[in-house]
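Residue numbers (this note's numbering): 172 to 738. For glycine and all other residues, C-beta sits at the position ideal for the given N, C-alpha and C. Quick caveat, the model's predicted, so the values are computed rather than measured. First comes the structure, then the notes that go with it.
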Amino acid sequence: MELSLIGASRKRCEGYGILPDSPVEPKRVNAGKLRMMLKQDEVLLNHMKQLFRQLEHAFESKAYTAVFVNREGYVLTRCGSLGAAEKDRFMEVGTNWSESAMGTNAMGIVLFDRRPAVIHGEHHYYKEHHSLTCAASPLYDADQRFRGAVNISTAKENYHPMLLSLTETIAEAAAAAMKLDRSREEELMLEEELAVTSRLAGIPMITVKKGKVVRANGLARSKLGSQIVGQEITRTPTGRSTPVGNDTTVVALREAAAHPLHQFDDIAGSCPSIVQLKELGKKAADSDYPVIIYGESGTGKELMAQSMHTEGCRSTGPFVALNCSAIPETLIESELFGYEKGAFTGASHRGQAGKFESADKGTIFLDEVGDLSLKAQGSLLRVLQERAVTRIGSVTQVPIDVRVLSATNKNLKQEVREGRFREDLYYRLKGIHLTMPPLRERQDVLEVAEVLLEQLAAGSTLSDGARRKLERYAWPGNIRELQSVLMQGVFLAGQNSIEEKHIQFEDEYERSDGQLSGTLEDIETEAVARALKDSDGNVSKAAESLGLARNTMYAKIKKYDISINET
Ligand SMILES: Nc1ncnc2c1ncn2[C@@H]1O[C@H](COP(=O)(O)OP(=O)(O)OP(=O)(O)O)[C@@H](O)[C@H]1O
């Protein structure tokens with residue numbers, strides 16, 4: 172140990188006004204502050220304690236003690252003993268070892284100079300410590316922040332040059348453990364970020380290392396099966412591959428990315444009816460019961476069905492949607508059951524699997540099920556009862572294992588009462604039922620609008636007037652209509668905020684059409700006045716909205732005697 176460093180330390184101690192001959196009165200921290208300091212360094216102390224546990228064995232029956240002091244000099248953990256209670260009391264947790272409290276000592280010098288130190292016998296400032304030797308090393312964490320010192324003390328006759336190396340090794344081991352914590356944390360964070368961003372972008376992603384899938388995000392798991400992680404693959408699935416290091420590739424799966432299925436998080440809105448519905452949907456997703464989703468057109472029935480599939484126990488299987496209202500009655504059987512090659516004129520020469528066969532081990536979504544003809548209902552009932560299909564033109568029955576979700580905007584019970592829907596089929600489909608609320612009954616129209624707007628054109632904003640207009644409207648076409656109104660708004664507003672005038676409803680047009688009756692001049696007067704009103708009296712804007720030159724607009728204002736301010 173450089174004598175100049177010791178000399179400088181002694182000088183500082185004299186400056187503190189402490190006397191070498193006086194008895195040492197350990198300075199202890201109060202219980203509250205100690206608790207706080209232990210909490211602050213909790214992670215580091217856990218590593219330190221583990222390292223000290225390994226030392227305990229080596230220290231057994233020898234008069235060594237190891238401590239960790241924080242940057243203020245307080246002992247926060249220790250192991251071993253100096254062999255006498257009288258000496259150990261200086262090393263207790265909560266005791267301060269800065270120079271101002273204990274005079275020149277190895278820990279005090281590390282705290283001041285931030286470099287390893289050994290203080291032997293008489294080099295200690297206090298006479299009472301002359302019987303000791305101590306070695307200490309600084310501890311820096313993963314951010315290279317000084318956190319304190321690791322110290323080993325013993326009786327001076329036990330001095331060994333290895334003591335300093337030992338403290339250095341312990342400090343480095345604790346720092347390495349903290350670095351490992353940090354990289355684990357970062358890895359987790361990265362994984363989480365990857366999961367969130369890829370989910371938001373709707374892209375299933377896998378990471379392949381040495382031909383083995385080591386990671387897959389939620390969407391990839393739902394596409395490829397959750398058992399995909401850990402599996403060897405001989406051929407990397409198609410998609411955009413990005414090499415990471417020598418033997419690792421991240422693949423954004425192309426095929427599935429084009430049509431990612433929705434999940435519950437995609438159902439925007441926080442009004443109680445929708446929150447409850449999502450809860451119910453999640454619960455239903457966990458079961459294998461059939462579900463009917465009721466709701467007006469555009470309320471999100473298919474969105475709900477997809478979410479139930481994606482987050483249910485069949486998520487690894489296919490999701491097959493069948494729009495029952497769009498299939499001509501003559502084709503319903505071939506759609507449901509499939510057909511063998513050459514089964515009928517026009518049939519594909521290779522034959523084709525029906526929707527039920529394609530949905531095997533997954534979910535079939537029967538959209539607009541209430542629109543099926545009675546004959547088609549009979550065919551559907553047959554599949555559900557037999558749990559098997561026979562392709563048209565074949566004699567072989569293919570067993571199927573499918574969960575059935577259906578949706579309708581009709582009141583099926585009523586349809587049954589009026590003889591338009593088979594009661595036996597109704598009860599086969601019914602299991603659990605959910606009803607999507609119409610948008611006009613929801614209190615979160617603006618919240619949903621913001622979400623949709625972000626999807627349509629990130630960064631677009633709605634003016635207060637536009638927001639009020641959206642809120643006042645009754646939304647007969649529900650969320651699908653809201654989507655198209657916003658799309659029009661984004662289109663009309665260009666790069667600017669969407670104003671009230673950019674929010675245009677189809678039925679408003681209908682109303683206007685009705686009002687714009689009379690002579691051509693009446694219609695023109697009305698159109699000019701309306702355009703001026705919509706542009707808050709700005710003639711240029713009003714002219715632009717009608718596709719007229721500014722001069723022509725002024726001419727018309729004059730001709731029809733329209734007051735700009737009164738509009
Ligand atoms: N809560 C919601 N949050 C975000 N988007 C939604 C929500 N509900 C519906 N949508 C969107 O609105 C559109 C219509 O939804 P969907 O097709 O699920 O409705 P639907 O009730 O099945 O309609 P239809 O009966 O006409 O088939 C879709 O683009 C869907 O993504």
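Taking the alpha carbon of residue i as the reference point, which residue from the options has its own alpha carbon closest?
i: E227; options: S668, I323, T304; result: I323
i: A547; options: Q523, P489, S505; result: S505
i: L215; options: A342, Y510, F490, L537; result: A342
i: L507; options: Q626, Q585, G525; result: G525
i: N494; options: G483, T236, L543; result: L543
i: L600; options: V587, P609, L610; result: V587
i: S577; options: V422, Y598, S336; result: Y598
i: A306; options: K298, T325, K380; result: T325
i: A209; options: S180, L222, Y245, S232; result: The sequence given here has Leu at residue 209, not Ala. Nearest of S180, L222, Y245, S232 to L209, Cα basis: Y245.
i: H331; options: I464, K383, Y235, G630; result: Y235
i: A202; options: H604, L247, T723; result: L247
i: K453; options: M479, S468, Y465; result: M479
i: L174; options: F230, E328, K258, N276; result: N276
i: K672; options: N649, G636, L653, Q666; result: G636
i: V491; options: E528, T419, I399, T501; result: E528
i: I404; options: N580, R386, V379, E589; result: V379
Can you tell me whether residue i is helix, strand or coil according to DSSP?
i: Y680; result: Annotation note: pLDDT 37 at Y680 (below 50); position unreliable, no value reported.
i: R224; result: helix
i: L176; result: helix
i: D192; result: coil
i: H301; result: coil
i: S496; result: helix
i: K258; result: helix
i: P443; result: helix
i: D459; result: coil
i: L687; result: The predicted position of L687 is uncertain, since its pLDDT is 40 and thus under 50; a value taken from the coordinates is nonetheless stated next. Correct three-state label for L687: coil.
i: G452; result: helix
i: A518; result: Residue placement at A518 cannot be trusted, given a pLDDT of 49 that sits under 50; what the coordinates show is reported in the next sentence. A518 falls in the coil class under three-state DSSP.
i: A524; result: strand
i: I735; result: coil
i: A745; result: Outside the modelled stretch of the chain, which goes from 172 to 738, sits residue 745, for which no answer is possible.
i: T696; result: helix
i: T275; result: coil
i: F230; result: helix
i: R613; result: coil
i: Y296; result: coil
i: K464; result: It is worth fixing the name first, because residue 464 is Ile in this sequence and not Lys. It is a strand residue.
i: Y187; result: helix
i: Y245; result: strand
i: Y598; result: helix
Looking at the strands, I want to know which residues DSSP matches up with residue i.
i: R181; result: R181 is not bridged to any residue.
i: I323; result: A237, A306
i: S412; result: V422
i: E715; result: Per DSSP, none; premise fails for E715.
i: E403; result: K383
i: I535; result: V491, V575
i: M250; result: Residue 250 is actually Cys in this sequence, not Met. C250 pairs with A237.
i: H291; result: T304
i: I669; result: L633
i: T266; result: R199
i: Y311; result: F317
The alpha helix (DSSP H) that contains residue i, what's its start and end?
i: M724; result: 721-730
i: F508; result: 503-508
i: I650; result: 649-664
i: R593; result: Unbroken run through R593: none, as it is neither H nor E.
i: R588; result: 583-588
i: K512; result: Here K512 belongs to no alpha helix (DSSP H), and DSSP marks it neither H nor E.
i: E473; result: 472-481
For the beta strand (DSSP E) containing residue i, list its first residue and its last residue.
i: I377; result: 376-380
i: S577; result: 574-579
i: L424; result: 419-424
i: Q568; result: 568-570
i: F435; result: From DSSP, F435 is part of no beta strand (DSSP E); its letter is neither H nor E.
i: K383; result: 383-387
i: H144; result: This structure leaves residue 144 out entirely; the chain is present only between 172 and 738.
With a threshold of 7 Å, establish whether the CB of residue i neighbours any heavy atom of ligand 3.
i: K381; result: In the structure on display, ligand 3 does not appear, and the ligands it does have are ligand 1.
Query raised in the report: With a cut-off of 8 Å, do at least 3 Cβ pairs link the segment 300-310 to the segment 337-353?
Result: Three or more beta-carbon pairs drawn from the segment 300-310 and the segment 337-353 are found closer than 8 Å, and the two stretches are therefore classed as touching.
Query - At least three beta-carbon pairs within less than 8 Å, the segment 313-332 to the segment 263-278 - result: Flag = yes, the segment 313-332 and the segment 263-278 touch.
Query raised in the report: With a cut-off of 8 Å, do at least 3 Cβ pairs link the segment 642-659 to the segment 609-622?
Result: The segment 642-659 is in contact with the segment 609-622.
**Report entry** Touching by the beta-carbon criterion (3+ pairs, under 8 Å), the segment 252-266 and the segment 287-294
**Finding:** Note that the segment 252-266 does not touch the segment 287-294; fewer than 3 beta-carbon pairs, one per stretch, sit closer than 8 Å.
Query raised in the report: Looking at C-beta atoms only, is the number of pairs between the segment 694-702 and the segment 653-666 that lie closer than 8 Å three or more?
Result: Verdict: no, contact absent.
Query raised in the report: Hey, is the segment 528-537 in contact with the segment 479-497, meaning 3+ C-beta pairs nearer than 8 Å?
Result: Taking a cut-off of 8 Å on C-beta distances, the segment 528-537 touches the segment 479-497, as three or more cross pairs fall below it.
Query raised in the report: Using 8 Å as the threshold, is the segment 561-581 in touch with the segment 626-634, meaning 3 or more CB pairs across them?
Result: The segment 561-581 is not in contact with the segment 626-634.
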